[in-house]
Amino acid sequence: MRLGAVADAGTAVGTGRPGRRPITERARAERRLAWLLCAPAVAVMALVAIYPIVYAIYLSFQRYDLRFPDSKSWIGVDNYTTILSSTDLWWQAFGVTVLITVVSVAIELVLGMAVAIVMHRAIFGRGIIRTAVLVPYGIVTVAAAFSWQYAWTPGTGYLAGLLSSTAAPLTHQWQAIAIIILAEVWKTTPFMALLLLAGLSLVPEELLRAAKVDGATAWQRFWRVMVPVMKPAILVALLFRTLDAFRIFDNIYVLTQGSQNTRSVSILDYDQLFTALNLGVGSAMSVLIFLATALIAFAYIKGFGAAAPGQELER
Amino acid sequence: MGIVLAALALAVAAGCGGGQSSSGPVTLNWYIFPEFSGAFVKSAAACSQASNGAYQIKIQTLPNAADGQRQQMVRRLAADDSSLDILGLDVTWTPEFAEAGWITPWPQDLAQKIQNGTLQTMLDTATWNGKLYSAPFNTNTQLLWYRKDLVPNPPKTWKQMISMATELSKQGKPHYIEIQGAQYEGYTVWFNTLVASAGGQIVSDDGQKVTLNQSAVQALDTIHQLANSPAVDPSIGNQMEDQTRLQFEAGRAAFELNYPYVYPSAKADVPDIFKNMAWTVYPTVKEGVPTHVTIGGIDLAVGAFSQHKQQAFDAIQCLRSPQNEIRNAVLGGLPPVLESVYSDPKFQKAYPMWQAIFTTLKQASVRPKTPAYQSVSLQISYTLSPPTSVSAKDLGTLKSRIQDAIDSKGLVP
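The listed protein sequences correspond, in order, to chains A and B.
Using this note's numbering, the letters of the first sequence map in sequence onto residues 231 to 545.
Using this note's numbering, the letters of the second sequence map in sequence onto residues 2 to 414.
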């Protein structure tokens, strides 16, 4: 994502647009300066992002297991075939990841919108309300996940006992997935609300008043006026959260360690890399996850017309 | 950056300084699991003292869980970290670390010293491709714990144990058989014990081929019989060592298969249960064939990138001296690897069940020896979960998954 933005910005600045008046000396100098100014950032990017990505792609075509350093060899797309033909692990984890992504982002959108409207409309204690809402987002995910884990463990927690005296929900697949989604929603709804709040402030008050005068109900004002005006903000919020949710790792790592088939693709990848020390298969899986997130971003930008970061330059 | 440069400058200066005498004792980093009784701290201090200024052992505490310990050492070694001098390896890690070139084999003469008087099964875990790569440090094994008030004569076989428990359940008495059936290493330990006790082996000696046969069918049958009898704890699929200990202490179980730490624990927690708590050797799978319980413990190895290998070899020999082994046993509850220590009255007093442990250790079994052990173990506990659905039909799947793991093919669960 970020890389794309840099590249976009680069081309927009570098090539100029056809049909404009010829480039002046001053503009050319400015363009050179622009290049110089972003050169350090590009260099850092290349070092910390592009190099690892290229190296991961290179590793993904090899049999490279740290435990068997002598049998390192070039094996083409074998690692990819192994992963894509693994229904009980890869596709299972993929399904769980998609499920968690779709359900948690949907709930977050609805809740986040409600919270955003409350924050927007609050007359008294605006500062306190906004701060209070942001608290879950401020807590370190792993720390929050541990408190959820204790809460849902019989004997140590107050929540497990609510279901039944012997319930251990984290040891059952569907209940555990529900708890993971709950932890995600609790944690990131404030983030969603914050992004939507920014969108809400774009809706002109006159527009809403005019709609009211025309006899629009509260629901119509929300659905026909506010939402269309906010659409760019909603799409950006959804894009960010979908990408984040798809890469979910820390909540699952703490809550279930991926047992009872609650693995996300990131957890499965971690197991290949750090437990099995299989760099080849692990890298191939990282590349697949990268492609999946790229696909999500592409779908949002091309399919729904979300504004890509950096696009403002071309307006 | 400045710090790095300063460190480099120091290193260069030290290098140019030459002789050991001017730079004082070398620091040996000992990466070891967290030991809370302080026994290791005492041994490290005593050995540093006894080295007459040759070395100073510095304990580097690893994470609590075995997976975390392995990951931390592996990540450092994969980056050729020279600060790892002495490594505390779980008994299943030696082949992996040796094959990857992360640990140094013991020189012939020193290896002989280590082999003298050390438990044979522990030496087996420390040896790979005919070379001794690590020195056994402490060991551990499971016993059968039972309630004297419910079970006057302890069972000799699994079959007897299950029928005794079934009988107790009919009388409405505590009857569970507590065993580790969660999807984790402890379940693999159980399966390995059953296969070995039925006369089989999971993987060939060279670590290349899966060798499960008729004995594995017997092992799977035993799991099946327990998991589908009234003797089973309904939460067997989540039970690890500590959960089984707690169920026994809660008075819900008649039998428990677990490590000796449960004995002092029951003494402290539940005196009522403790006074009826007795132990014996693990039950057999086949009548008349001795049981081969899976061995556990720690082996000490010298890192391949260490700058002080000679001192590290010396230090390890000191750390596993009889005095230190006895202290580890008495203070830390870690059974020793030196056979002579078992006849020491001090040890026998601290370990009332020493005889059962020693008998078990003398005929213990080793988990599959292959560099890919982690993957093999994950495949076993994954394929056999939950225990309630295990049957002899799983053998085919199990064999092919273990072979894939050995060949580092496919994904690990």
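A virtual CB, placed ideally from N, CA and C, is assigned to each residue, including glycine.
Just checking my contact of alanine 1/B with proline 372/B at CB under 8 Å: how many whole Å lie between their CB atoms?
-> Nothing about residue 1/B can be reported from this structure: the residues present for chain B run from 2 to 414 only.
Under 8 Å by beta carbon: chain A residues contacting aspartate 68/B | Here residue 68/B refers to the residue found at position 67 when the second sequence is read from its first residue. Near aspartate 68/B (Cβ distances below 8 Å), the residues of chain A are Thr505.
Environment of glycine 357/A [buried if 16+ CB atoms lie within 10 Å] | On the first sequence, position 127 is the one that residue 357/A refers to. Glycine 357/A sits exposed, since fewer than 16 C-beta atoms from the chains shown fall within 10 Å of its C-beta.
Burial state of threonine 486/A (16 or more Cβ within 10 Å) = As a working note, residue 486/A is residue 256 in the first sequence. Its Cβ being crowded by 16 or more others within 10 Å, threonine 486/A is buried.
Would you report the Cα separation of glutamine 311/B and glycine 510/A, rounded to the nearest angstrom?
-> For the purposes of this step, residue 311/B is taken as the residue at position 310 of the second sequence. For the purposes of this step, residue 510/A is taken as the residue at position 280 of the first sequence. Using only the alpha carbons, I get a separation of about 36 Å.
Give a yes or no on whether 7 Å exceeds the smallest Cβ distance from threonine 486/A to chain B.
-> Your numbering for residue 486/A matches position 256 in the first sequence. Output row for threonine 486/A: interface = no.
Return helix, strand or coil for asparagine 508/A, following the three-state DSSP convention.
-> For the purposes of this step, residue 508/A is taken as the residue at position 278 of the first sequence. The three-state reading of DSSP puts asparagine 508/A in strand, counting E and B together.
Does DSSP put arginine 493/A in a helix, in a strand, or in coil?
-> Position 263 of the first sequence, counting from 1, holds the residue named residue 493/A. DSSP places arginine 493/A in coil when its eight states are reduced to three.
Would you mind telling me which residues of chain B sit closer than 7 Å to asparagine 508/A, beta carbon to beta carbon, in chain order?
-> Residue numbering aside, residue 508/A sits at position 278 when the first sequence is read from its first letter. Correct list: Ser409.
For leucine 412/B and chain A, any beta-carbon pair shorter than 7 Å?
-> Locating residue 412/B in the second sequence gives position 411, where the first residue counts as 1. At least one chain A Cβ lies under 7 Å of leucine 412/B.
Assign serine 230/B to one of three DSSP states: helix, strand, or coil.
-> Numbered from its first residue, the second sequence carries residue 230/B at position 229. Serine 230/B carries a coil assignment under DSSP once its states are collapsed to helix, strand and coil.
Report the rounded CA-to-CA distance for phenylalanine 37/B versus phenylalanine 298/A, giving the unit in angstroms.
-> The count along the second sequence starts at 1 and reaches residue 37/B at position 36. The count along the first sequence starts at 1 and reaches residue 298/A at position 68. Those two C-alpha atoms are separated by around 35 Å.
Which residues does DSSP pair with valine 211/B in a beta bridge?
-> Residue 211/B sits at position 210 when you count from the first residue of the second sequence. Checking the DSSP bridge columns, you'll see valine 211/B partnered with Val204/B.
Anything in chain A within Cβ reach of proline 372/B, meaning under 7 Å, just list it in chain order.
-> Position 371 of the second sequence holds residue 372/B. For proline 372/B, the residues of chain A that pass the 7 Å Cβ criterion are Arg297 and Phe298, in the order they occur in the chain.
Take the Cβ of lysine 132/B as the centre, count every other Cβ of all protein chains shown within 10 Å, and call the residue buried at 16 or more, exposed below.
-> As a working mapping, residue 132/B is identified with position 131 in the second sequence. Exposed: under 16 other Cβ atoms inside 10 Å.
Helix, strand or coil for leucine 301/B, going by three-state DSSP, please let me know.
-> Stepping through the second sequence from its first residue, residue 301/B is reached at position 300. Collapsing the DSSP output to three states places leucine 301/B in a strand.
With DSSP run on the structure shown, which of helix, strand or coil describes isoleucine 407/B?
-> Within the second sequence, residue 407/B is the residue found at index 406, counting from 1. Looking at isoleucine 407/B - three-state DSSP - the assignment turns out to be helix.
How many Å lie between glutamate 340/B and glutamine 143/B at the Cα?
-> Counting from one through the second sequence, the residue named residue 340/B turns up at place 339. Counting from one through the second sequence, the residue named residue 143/B turns up at place 142. Cα to Cα, the separation comes out at about 18 Å.
Can you give, in chain order, each stretch of the beta strand (DSSP E) that sits fully within the segment 257–338 of chain A and has at least 3 residues?
-> You should have found no qualifying run.
Just tell me which of Leu29/B, Cys48/B and Ala80/B has its CA closest to the CA of lysine 59/B.
-> Position 58 of the second sequence holds residue 59/B. Answer by Cα proximity: Leu29/B.
Contacts of valine 511/A in chain B (Cβ-Cβ under 7 Å) | To locate residue 511/A, count along the first sequence from 1; it is residue 281. Result: Leu412.
Would leucine 319/A count as contacting chain B if we go by Cβ distances under 7 Å?
-> On the first sequence, position 89 is the one that residue 319/A refers to. Leucine 319/A counts as touching chain B.
Any contact of the segment 326–333 of chain B with the segment 163–175 of chain B, i.e. 3+ C-beta pairs under 8 Å?
-> No, the segment 326–333 of chain B is not in contact with the segment 163–175 of chain B.
Please check if any C-beta of chain A sits within less than 7 Å of the C-beta of glutamate 179/B.
-> As a working note, residue 179/B is residue 178 in the second sequence. Answer no: the Cβ-Cβ gap between glutamate 179/B and chain A never drops below 7 Å.
Chain A beta carbons: is any one of them nearer than 7 Å to that of serine 313/B?
-> As a working mapping, residue 313/B is identified with position 312 in the second sequence. The question names serine, yet the displayed sequence has alanine at residue 313/B. Not closer than 7 Å to any Cβ of chain A, the Cβ of alanine 313/B fails to qualify, so no.
Glutamine 121/B, buried or exposed, once every other Cβ within 10 Å from all chains shown has been counted against 16 = Counting from one through the second sequence, the residue named residue 121/B turns up at place 120. The Cβ neighbour count for glutamine 121/B, taken over all protein chains shown within 10 Å, is under 16; the residue is labelled exposed.
So what's aspartate 315/B in DSSP terms, helix, strand or just coil?
-> For the purposes of this step, residue 315/B is taken as the residue at position 314 of the second sequence. Aspartate 315/B falls in the helix class under three-state DSSP.
Is the shortest distance between the beta-carbon of glutamine 72/B and the beta-carbons of chain A less than 7 Å?
-> Looking up residue 72/B in the second sequence gives position 71. Interface residue, yes.
Separation of leucine 525/A from proline 90/B, as counted between CA atoms = Residue mapping note: residue 90/B aligns to position 89 of the second sequence, counting from 1. Residue mapping note: residue 525/A aligns to position 295 of the first sequence, counting from 1. Inspection of the sequence shows that residue 90/B is occupied by leucine rather than by proline. Between the C-alpha atoms of leucine 90/B and leucine 525/A there is a straight-line separation of about 43 Å.
Does DSSP put valine 370/A in a helix, a strand or coil?
-> Within the first sequence, numbered from 1, the residue matching residue 370/A stands at position 140. For valine 370/A, the three-state secondary structure derived from DSSP is coil.
Hey, quick one: how far does the beta strand (DSSP E) through arginine 148/B stretch, first residue to last?
-> Here residue 148/B refers to the residue found at position 147 when the second sequence is read from its first residue. Under the DSSP assignment, arginine 148/B falls in the beta strand (DSSP E) whose first and last residues are 144–148.
Please say whether aspartate 480/A and valine 372/A have beta carbons closer to each other than 7 Å?
-> Looking up residue 372/A in the first sequence gives position 142. Looking up residue 480/A in the first sequence gives position 250. In this structure, aspartate 480/A lies closer than 7 Å to valine 372/A by Cβ.
Terminal residues of the continuous alpha helix (DSSP H) containing aspartate 409/A?
-> The sequence position of residue 409/A within the first sequence is 179, counting from 1. The sequence shown places isoleucine at residue 409/A, rather than the aspartate named in the question. 403–430 is the span of the alpha helix (DSSP H), which, as asked, contains isoleucine 409/A.
Return helix, strand or coil for tryptophan 449/A, following the three-state DSSP convention.
-> Along the first sequence, read from residue 1 onward, the residue named residue 449/A stands at position 219. In the displayed model, tryptophan 449/A falls within a helix according to three-state DSSP.
Using a Cβ-Cβ cut-off of less than 8 Å, list which residues of the segment 87–106 of chain B approach chain A; keep chain order.
-> Answer in chain order: Glu97, Glu100, Ala101 and Gly102.
What residues from chain A crowd round valine 190/B, counting only those whose CB sits closer than 7 Å?
-> Position 189 of the second sequence, counted from the start, is the residue given in the question as residue 190/B. Residues of chain A passing the Cβ test: none, with the nearest at roughly 17 Å.
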